[in-house]
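Read top to bottom, the protein sequences are chains F and U.
In this text, residue positions in the first sequence follow the numbering used here: the first is 248, and each later residue adds one.
In this text, residue positions in the second sequence follow the numbering used here: the first is 260, and each later residue adds one.
The next block holds one structure in the form of structure tokens; read it before the comments.
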Amino acid sequence: MKLLKLMTGSILALALVGAAQAQTTMRITGSTAFRSNTHTAIQNIFDAGTLTFAYLDNANGTATISNTSAAIFKGNIGGVATTIKSHWSGSEGGIQTVAGAPNFTVSYFADTTSTLPPPGNKLPNGTALTDSSVPDVAMADTFQATSIFHGTVNGITYATLNKQKKTTGLPAGQIVGVVQFEFVASNSAPGGLANMTSQNARDLWANGHMALSLLTGVSGDESFTVYAAGRDIDSGTRLTTFAETGLGALATVKQYEPLKGGVRANTCCGALDAPPYTLEPPATINGITEPLGDGGYTSGGDLANAISNTTSGSTCFATYLGLSDAGTAIGNGAHALTYNGIPYSVTAVQEGQYTFWGYEHLFYRDTTVAKVKTVADKLALQIFNTDAPAPHYNDMKVTRKTDGAVVTQNF
Amino acid sequence: MSVTKLEVILSALLVLIVCEAGYYLPGLLASYVQGPYIPPAASSTPAKVIADVRPTAFSQTARVQPTIRLTQRESRKVEMMLQDPTPAEDIREEELGEATIPLVSLDPPDGLLTSEEQVVAFDMLRQEFAESLSAFAQDPSTPEYRRRWEEAQQTFDEEFGVLFGVEAYNQQQNVVMRAAMQP
């Protein structure tokens, strides 16, 4: 009898281990600019009728599954029980934590998080993300070559991502789409502030502030000051902006911190604290030091909220945002700026007139286990073929060799 | 001459073994196929290209000292490539542009790189430039080598501008031009 129990127990244990092994969990991080498209694609790769998910609310209480900063998806993919967890840290943070494995972890929702079928389970802002794990996949707005995190930095050697293992069907560099950006000015910015040139951007982010007259050409605007706001060094949006405008992807810049009630503003549609403004405080992110002014927002969503507030005292803020966050900010009263005189449009990007864009990449390590690679590849192709924003890679009439490089025709 | 079944099977087995060895020991095969790095040979072509003028490479020092230094071998590799990337005599000038000195091959002026991350990135670019050509350096007199040189130079110059910005790009171009004009 004892032997029978032992044998039954062993079989049960083996069955449980087998079930656990059959379960695939993929953890994804990186680009906040592309999180909306990635979340859409994730939902679309699950077998019909099997998906349940939960996601984190924002400070405004307005998060959706599209713009949330963290989520957990459960269901079957190709009949295999699969969990995908996301937490968006910024492209650079994504490359750093995936290429720098096992030195860094990202926090995710716990496996036991309660999920629901669409529209999902919205969990309160501040819900603890208790699964600290090494991420498998990074969504990135930039090539790894442009990132700080390749080679050996601060004593940590970063793997070249997708050096040997690649997703069949994607262009070189694991490109899944075209990620687009806009310059945006704060809610109460004067109507005359309508355009940002590369020269203006180099001036603004190198010095932190500039007279409005340099942007409008109106002498009466000399006493009005535009302040720079932006993202921290984990951001691919930041890196692309500085590469595109000629400041240099690795430039050390000066950005001011918009405050609301004495703390960093992360909600929209009110009024920021009055000037004088202060530079972003020094900070250290995953071992990389940001000197005074060089820091910024971790999240594009929070920055979009901040820029949607009004300012006072002949001042306003200007910043750079991914297309989705820019849309949110503009919807909340912020002002879209044209870039080098060209308004954003899908056609202007597609034809090469509007050059504030880059390629989106889905990166993983060569050592990624097969079952995770299978899910990552499926996701990559879903984005590339369907869920990337227009214009799709194959619809582009222009190309560029790297981030911020010259845009040339491809026909 | 007739071939027996056994011989066919043995031959197939041999091919399989070689393929397997190639799969599991790619380094061995690659090193055999590629051979060791060979510096560009001296060209018999008259000095038509800017790079024929020997630059004063690595004579300047960046303000921030790199945390990663190129190995002597890597530095030497770039230096040797700089000495003469000139192709064979039969290359038509209209087909290939002038070979120029890549921006990453010369140390930037003091103060151009302002953070440790920039210095590390610069060293990486220099190293990657050397590596991108080393596989094609068996015969530097070939048009293929010249083409690769030009491609790599354009790519890495552009990457320099992307990483360090327009002003740094312009300053570094001046450094390269001055080096090229030295007798």
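Backbone N, C-alpha and C fix where the C-beta goes; we use that ideal spot for every residue, glycine too.
| query | result |
| --- | --- |
| Pick helix, strand or coil for I360 of chain U, following the three-state DSSP scheme. | coil |
| With 16 other CB atoms within 10 Å as the buried threshold, where does K501 of chain F fall? | buried |
| By Cβ distance, which residues of its chain are closer than 7 Å to L506 of chain F, with the 5 residues on each side in sequence left out? | A512, L519 and D520 |
| Can you confirm whether R322 of chain U, when its beta carbon is compared against all beta carbons of chain F, has any partner nearer than 9 Å? | Interpretation of R322 of chain U is limited by its pLDDT of 27, a score under 50 that renders its predicted location unreliable; the figure taken from the coordinates is listed afterwards. No, no contact with chain F. |
| Which residues does DSSP list as the beta-bridge partners of C563 of chain F? | F:V473 |
| In chain U, which residues lie with their C-beta within 9 Å of the C-beta of G398 of chain F? | I327, V379, A380, D382, M383, Q386 and E387 |
| Identify whether N323 of chain F lies in helix, strand or coil by the three-state DSSP scheme. | strand |
| Secondary structure at E527 of chain F, three-state DSSP: helix, strand or coil? | coil |
| Taking Cβ-Cβ distances below 7 Å as the criterion, which residues of the segment 318-334 of chain F are in contact with chain U? | none |
| Could you please give the first and the last residue of the uninterrupted beta strand (DSSP E) stretch that includes S380 of chain F? | D378 to S380 |
| Pull out every residue of the segment 480-508 of chain F whose Cβ sits closer than 8 Å to any Cβ of chain B, in chain order. | The chain labelled as chain B is not found among the protein chains of the depicted structure, namely F and U. |
| Just to confirm the assignment, what range does the beta strand (DSSP E) spanning S354 of chain F have? | V353 to Y355 |
| For a quick check, are the C-beta atoms of V425 of chain F and P636 of chain F less than 9 Å apart? | yes |
| DSSP puts Y405 of chain F in a beta bridge; with which residues? | F:G398 |
| Go through the segment 265-303 of chain F residue by residue and report every complete run of the beta strand (DSSP E) that reaches 3 residues or more, in order. | 271-277 and 299-303 |
| Roughly how many angstroms lie between the CA atoms of N429 of chain U and T360 of chain F, to the nearest whole one? | 54 Å |
| For K618 of chain F, write down the residues that DSSP places opposite it in a beta bridge. | Bridge partners of K618 of chain F: none, in fact. |
| Taking C-beta pairs closer than 7 Å, name the residues in chain U that K648 of chain F reaches, listed in chain order. | T414 and E417 |
| Under 9 Å, Cβ to Cβ, is there at least one residue of chain U near T655 of chain F? | no |
| What residues in its chain sit with their C-beta under 7 Å from that of G517 of chain F, if we drop five residues either side in the sequence? | K507 and N556 |
| Measuring straight from C-alpha to C-alpha, what distance separates E417 of chain U and P399 of chain U? | 23 Å |
| From H456 of chain F to V473 of chain F, what does the alpha carbon distance come to, in whole angstroms? | 6 Å |
| Find the residues of chain F that neighbour E376 of chain U, judging by a C-beta separation of less than 8 Å, and give them in chain order. | I395, V400, L497 and I535 |
| Could you spell out where the beta strand (DSSP E) holding I535 of chain F opens and where it closes? | I535 to E537 |
| Measure the beta-carbon distance from V423 of chain F to H608 of chain F and round it to whole angstroms, keeping in mind my assumption that it falls under 8 Å. | 7 Å |
| Would you call the CB atoms of P538 of chain F and T499 of chain F closer than 9 Å? | yes |
| Exposed or buried, which one is V378 of chain U when buried takes at least 16 other CB atoms within 10 Å? | buried |
| Compare the Cα-Cα distances from G534 of chain F to each of F:G347, F:S470 and F:G509 and report the closest residue. | F:G347 |
| Decide if T594 of chain F is buried, meaning its Cβ has at least 16 other Cβ atoms within 10 Å, or exposed. | exposed |
| Note down, in chain order, every chain F residue with its Cβ under 7 Å from the Cβ of F423 of chain U. | G495 and L497 |
| Is it the case that the Cβ atoms of T276 of chain F and V384 of chain F are separated by a distance below 9 Å? | yes |
| In the structure shown, what three-state DSSP assignment does N368 of chain F receive? | strand |
| May I ask you to report which of helix, strand or coil DSSP gives T329 of chain F? | strand |
| Determine the closest residue to T649 of chain F out of F:F658, F:W604 and F:E504, with distance taken between C-alpha atoms. | F:W604 |
| Could you check where the beta strand (DSSP E) with Q427 of chain F kicks off and where it finishes? | I422 to A432 |
| In whole angstroms, give me the CA-to-CA distance for G599 of chain F and Q656 of chain F. | 8 Å |
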